[in-house]
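K.L.:
If you're matching positions, the sequence shown starts at 107 in the working numbering and goes up one per residue.
Glycine residues also receive a C-beta, built at the ideal position from the N, C-alpha and C atoms.
Supplied in structure tokens, the structure appears directly below.
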Amino acid sequence: MTFHVMIIPTLDCPSNCEYCWGSKKDSGMMEIEVIEQIVNWLDGFRDDYVHFTFHGGEPLLVGYDFYKKALPMLKNATTHKEAGFSLQSNLWLIDEKLAKLFAEYNVAISTSIDGPLEINDHQRGKGYFDKTMKGYKIATDNGVRVSFICTFTSYSKDYEKEVYNFFLENGYNIKLHAALPSMRGNNADPWALSQEDHGKLLISLLDRYLNDLDKIEIKDFDHICKSSFMRRGTLCTFADCMGDTLAIGHDGNIYPCYRFNGMEEWVMGNVSDNPSMEDLTKSKAWKKLEEFKSFVDEDCADCTYIKFCRGGCPYNGIVATGTAKSVDPQCIAYKMIFKEVSDRANKDFLKSSMPPLMGNSNQNQKKKYSVMDLMLKR
Ligand code: SF4
Ligand code: SF4
107 MTFHVMIIPT LDCPSNCEYC WGSKKDSGMM EIEVIEQIVN WLDGFRDDYV
157 HFTFHGGEPL LVGYDFYKKA LPMLKNATTH KEAGFSLQSN LWLIDEKLAK
207 LFAEYNVAIS TSIDGPLEIN DHQRGKGYFD KTMKGYKIAT DNGVRVSFIC
257 TFTSYSKDYE KEVYNFFLEN GYNIKLHAAL PSMRGNNADP WALSQEDHGK
307 LLISLLDRYL NDLDKIEIKD FDHICKSSFM RRGTLCTFAD CMGDTLAIGH
357 DGNIYPCYRF NGMEEWVMGN VSDNPSMEDL TKSKAWKKLE EFKSFVDEDC
407 ADCTYIKFCR GGCPYNGIVA TGTAKSVDPQ CIAYKMIFKE VSDRANKDFL
457 KSSMPPLMGN SNQNQKKKYS VMDLMLKR
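Next up, the structure:
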């Protein structure tokens, strides 16, 4: 089991994306002493492989010297096995020195682009596209692996084909996000995707993706198909994430996940106090997440997909309803895509057990992959 520790050096960000709910201007910056405390805290905390993700706000704001010290300290933070690293950034602040350092520590980067320049900059602000793509070039020229996070909003859903083709034509791998409302304000609300639109979008994108599995990777579909094949979630959204993911804020406060960062009521402890897992489970935040889990066990009990959905993301549920007694409001979208995957898998299974019809093969037809290929993808 991988233990995922998210490090949030700051919630500040130089960008001003219209629908962002994860940043906070003039927020504090993490000092290297907090990394020392994280390393001490992890010593004996849990005997599992640790993956660290630097997240924000914009994590590059803390600069080269921070990472030059932090990466070697964290690399051997647990005796179990060398730690892995990823970082989520808009890449505006990357330079050759930082890129070389990230390449040395095999840091995998995800960066956010929502499609071609016009669509991206309409959602994320003028000039965003060029700055991020410049950073992408610096990172990849120096040997860093970079993939993209594409957020679909109530606006860009109408440009699905253009957005998909942009990533396909450039051979960029992506992870999909649906724009969500926020716990911190209502700026994101007009951009949020409705459940039905989200479900339709996922089904349509899956259909496109099944033509192009040899050219592009859309991680969400790989996970959704694998999860439904294995009957257990392989992505945090579709698993009980409690305890297997923790996030550390700039001041050492521990939260259930980066999405709760900076909200006092979600603090579970502080790394400077070296809390054990048992200590964290006594926090109010943990108890609230337990409420979510119990509610899902009850409310989703009759759902065909409960084993590999687990009520979706608790943060999404809590934002939408203001209470932990909730499920992810994207439930309808999840049901739509899980049903699509299951229907396609059943059809594929039936087809494979029937002899081919004479004269029904079309040699010129474009090869189309199946969800079975995704279920069995390594
Ligand atoms: S709260 Fe949501 S995003 Fe965070 S780890 Fe859990 S499922 Fe994932
Ligand atoms: S699809 Fe909906 S009802 Fe089913 S487990 Fe997920 S959140 Fe619950």
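Is Pro435 a contact residue of ligand 1, with contact defined as CB to any heavy atom under 7 Å?
P.N.:
Here the question's residue 435 lines up with position 329 in the sequence shown. Every heavy atom of ligand 1 is 7 Å or more from the Cβ of Pro435, so no.
K.L.:
What residue range does the alpha helix (DSSP H) around Val477 cover?
P.N.:
For this step, residue 477 is matched to residue 371 along the sequence shown. From DSSP, the alpha helix (DSSP H) with Val477 extends over 477 to 481.
K.L.:
Do Asp426 and Pro435 have their CB atoms nearer than 8 Å?
P.N.:
Working through the sequence shown from its first residue, we reach residue 426 at position 320. Working through the sequence shown from its first residue, we reach residue 435 at position 329. Correcting the residue type first, residue 426 is Ala in the shown sequence and not Asp. Yes, they are a contact pair.
K.L.:
Alpha carbon to alpha carbon, what distance is there between Leu307 and Ser458?
P.N.:
The count along the sequence shown starts at 1 and reaches residue 458 at position 352. The count along the sequence shown starts at 1 and reaches residue 307 at position 201. So the alpha carbons of these two residues sit roughly 28 Å apart.
K.L.:
Which residues in the same chain as Thr246 place their Cβ atom closer than 7 Å to its Cβ, once the five residues preceding and following it in sequence are excluded?
P.N.:
By one-based count along the sequence shown, residue 246 stands at place 140. So the qualifying residues of the chain are Val252.
K.L.:
Using DSSP bridges, identify the partner residues of Leu386.
P.N.:
For the purposes of this step, residue 386 is taken as the residue at position 280 of the sequence shown. Looking at the DSSP assignment, Leu386 forms no beta bridge with any residue, so it has no partner.
K.L.:
How should Asn452 be labelled, buried or exposed, when 16 other C-beta atoms within 10 angstroms of its C-beta is the threshold for buried?
P.N.:
In the sequence shown, counting from the first residue as 1, residue 452 sits at position 346. With fewer than 16 other Cβ atoms within 10 Å, it is exposed.
K.L.:
Starting from Cys256, trace the beta strand (DSSP E) both ways and give me its first and last residue.
P.N.:
Translated into the one-based positions of the sequence shown, residue 256 becomes position 150. Unbroken beta strand (DSSP E) run through Cys256: 252 to 258.
K.L.:
Curious, which full-length alpha helix (DSSP H) runs of at least 4 residues does the segment 314 to 402 contain?
P.N.:
325 to 336, 383 to 387
K.L.:
Let me make sure I understand the geometry here. Which of Gln143, Val111, Cys342, Ala430 has the alpha-carbon closest to that of Ala391?
P.N.:
Taking the first residue of the sequence shown as 1, we reach residue 391 at position 285. Selection Gln143, Val111, Cys342, Ala430 evaluated against Ala391 yields Ala430 as nearest (Cα-Cα).
K.L.:
Between the Cα of Val250 and those of Ile138, Asn212, Thr116, spot the shortest distance and give me the residue it belongs to.
P.N.:
Residue numbering aside, residue 250 sits at position 144 when the sequence shown is read from its first letter. Comparing Cα positions, the closest option is Asn212.
K.L.:
Based on the DSSP output, what are the partners of Val433 in its beta bridges?
P.N.:
On the sequence shown, position 327 is the one that residue 433 refers to. Paired residues: none, contrary to the question.
K.L.:
Any heavy atom of ligand 1 closer than 7 Å to the Cβ of Thr116?
P.N.:
Along the sequence shown, one-based indexing puts residue 116 at 10. Outside the cutoff, so no.
K.L.:
Would you call the segment 180 to 189 in contact with the segment 154 to 171, where contact means no fewer than 3 C-beta pairs closer than 8 Å?
P.N.:
yes
K.L.:
When the distance is taken between beta carbons, is Ile200 closer than 8 Å to Ile244?
P.N.:
In the sequence shown, residue 244 corresponds to position 138, counting from 1. In the sequence shown, residue 200 corresponds to position 94, counting from 1. Yes; because the gap between Cβ atoms is below 8 Å, this pair is in contact.
K.L.:
Between the Cα of Phe327 and the Cα atoms of Tyr475, Lys130, Val145, which residue gives the shortest distance?
P.N.:
Counted from its first residue, the sequence shown places residue 327 at position 221. With distances taken between Cα atoms, Phe327 lies closest to Tyr475.
K.L.:
Could you tell me the distance, in whole angstroms, from the CA atom of Asn226 to the CA atom of Leu286?
P.N.:
Counted from its first residue, the sequence shown places residue 226 at position 120. Counted from its first residue, the sequence shown places residue 286 at position 180. In a straight line, the C-alpha of Asn226 is about 17 Å away from that of Leu286.
K.L.:
Since I believe Leu480 is in contact with Cys331 (beta carbons under 8 Å), could you give me their beta-carbon distance rounded to a whole number of angstroms?
P.N.:
Numbered from its first residue, the sequence shown carries residue 331 at position 225. Numbered from its first residue, the sequence shown carries residue 480 at position 374. For a cut-off of 8 Å, the C-beta gap from Cys331 to Leu480 is around 4 Å, short enough to register as a contact.
K.L.:
Kindly confirm or deny that the segment 333 to 347 and the segment 313 to 321 touch, where touching means at least three C-beta pairs closer than 8 Å.
P.N.:
With the cut-off at 8 Å, the segment 333 to 347 and the segment 313 to 321 do not touch.
K.L.:
Would you call Ala298 buried or exposed, if buried means 16 or more other Cβ atoms sit within 10 Å of its Cβ?
P.N.:
Taking the first residue of the sequence shown as position 1, residue 298 is located at position 192. Buried: at least 16 other Cβ atoms inside 10 Å.
K.L.:
For Tyr155, name the three-state secondary structure that DSSP assigns.
P.N.:
In the sequence shown, residue 155 corresponds to position 49, counting from 1. DSSP places Tyr155 in strand when its eight states are reduced to three.
K.L.:
Starting from Ala205, trace the alpha helix (DSSP H) both ways and give me its first and last residue.
P.N.:
Here residue 205 corresponds to residue number 99 of the sequence shown, with the count starting at 1. 202 to 210 is the span of the alpha helix (DSSP H), which, as asked, contains Ala205.
K.L.:
Using C-beta distances below 7 Å, list every residue in its chain close to Asp385, excluding the 5 sequence neighbours before and after it, in chain order.
P.N.:
Counting from one through the sequence shown, the residue named residue 385 turns up at place 279. Answer for Asp385: Gly375, listed in chain order.
K.L.:
Shorter than 7 Å, the distance from the beta carbon of Arg365 to the closest heavy atom of ligand 1, or not?
P.N.:
In the sequence shown, counting from the first residue as 1, residue 365 sits at position 259. Flag set: Cβ of Arg365 near ligand 1.
K.L.:
How long is the line joining the alpha carbons of Arg450 and Ile324, rounded to whole angstroms?
P.N.:
Counting from one through the sequence shown, the residue named residue 450 turns up at place 344. Counting from one through the sequence shown, the residue named residue 324 turns up at place 218. Using only the alpha carbons, I get a separation of about 18 Å.
K.L.:
What does DSSP give as the partner residue(s) for Met112 in the beta ladder?
P.N.:
Residue 112 sits at position 6 when you count from the first residue of the sequence shown. Under DSSP, Met112 shares a beta bridge with Thr159, Ala353.
K.L.:
Do you know how far the Cα of Glu370 is from the Cα of Ala176?
P.N.:
Here residue 176 refers to the residue found at position 70 of the sequence shown. Here residue 370 refers to the residue found at position 264 of the sequence shown. Their Cα atoms are separated by approximately 26 Å.
K.L.:
Counting Cβ pairs, one atom from each stretch, are 3 or more of them under 8 Å apart for the segment 437 to 448 and the segment 401 to 417?
P.N.:
yes
K.L.:
Let me check understanding here. Comparing Cα to Cα, which of Gly277, Ile280, Ser262, Tyr278 lies closest to His304?
P.N.:
In the sequence shown, the residue the question calls residue 304 occupies position 198. That would be Ser262, whose Cα lies nearest to the Cα of His304.
K.L.:
Based on DSSP bridge pairs, tell me the residues matched to Thr184.
P.N.:
Along the sequence shown, one-based indexing puts residue 184 at 78. The partner list for Thr184 (beta bridge, DSSP) is empty, contrary to what the question assumes.
K.L.:
Would you report the Cα separation of Leu311 and Asp454, rounded to the nearest angstrom?
P.N.:
Counting from one through the sequence shown, the residue named residue 311 turns up at place 205. Counting from one through the sequence shown, the residue named residue 454 turns up at place 348. Distance from the CA of Leu311 to the CA of Asp454, rounded to the nearest whole angstrom, comes to 19 Å.
K.L.:
Counting along the chain, where does the beta strand (DSSP E) carrying Leu193 start and finish?
P.N.:
Taking the sequence shown and counting its residues from 1, one reaches residue 193 at position 87. Element bounds for Leu193: 190 to 194.
K.L.:
I'd like the list of long-range same chain contacts for Gly231, defined as Cβ closer than 8 Å, with 5 residues on each side in sequence excluded.
P.N.:
For the purposes of this step, residue 231 is taken as residue 125 along the sequence shown, with counting starting at 1. Answer for Gly231: Ser121, Asn122, Cys123, Glu124, listed in chain order.
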